[in-house]
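Numbering (our numbering), first residue to last: 1 to 135. The beta-carbon is built from N, C-alpha and C at its ideal position, and this holds for glycine as well. The next block holds one structure in the form of structure tokens; read it before the comments.
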């Protein structure tokens, strides 16, 4: 076989490229309102998907939503009525700040302290960025 035949054979054996879908999808909150409280039943699951400490995510959400709250087992209990859209918007902001790499946009990052600074390091492209502390 010559080069052209090998190339054509290789191209035929390549898998079809499907529609490009993000491999990282932000989870949506599942919850309800009980009296004056908002309960997010999948809070710890969301933190696990984001690969961040639930306490860190909690601290961020409480500050951004200006609400008291706490983690009860695997649920988040907020001290006022908050719509799921507001909570989802704040989780998206958290992901942009603490999860996604600014250079490549991938979620393969780790947050660590370097002196007094919080630094995000991407395992995919190796980029490092300081994080403006919001919490």
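Apart from sequence neighbours up to five positions away, the residues of its chain that approach residue 79 with a beta-carbon distance below 7 Å are 37, 67, 68 and 69, ordered along the chain. Within a 10 Å sphere around the beta-carbon of residue 3 sit fewer than 16 other beta-carbons, which makes this residue exposed. Annotation for residue 92: the continuous alpha helix (DSSP H) segment containing it runs 84-98.
In the DSSP assignment, residue 121 forms a beta bridge with 110 and 128. Residue 50 sits close to residue 91, with the two beta carbons spaced by under 9 Å.
The segment 13-57 is shown to contain whole alpha helix (DSSP H) runs of 4 or more residues at 43-50, in chain order.
Close CB contacts of residue 121 within its chain, under the 6 Å cut and outside five residues either way in sequence, are with 110 and 128 (chain order).
In this structure, the CA atom of residue 41 is about 8 Å from the CA atom of residue 32. For the pair residue 10 and residue 1, the Cα-to-Cα distance works out to about 12 Å. Separation of residue 74 and residue 130 (C-alpha to C-alpha, rounded to the nearest whole angstrom) is 30 Å.
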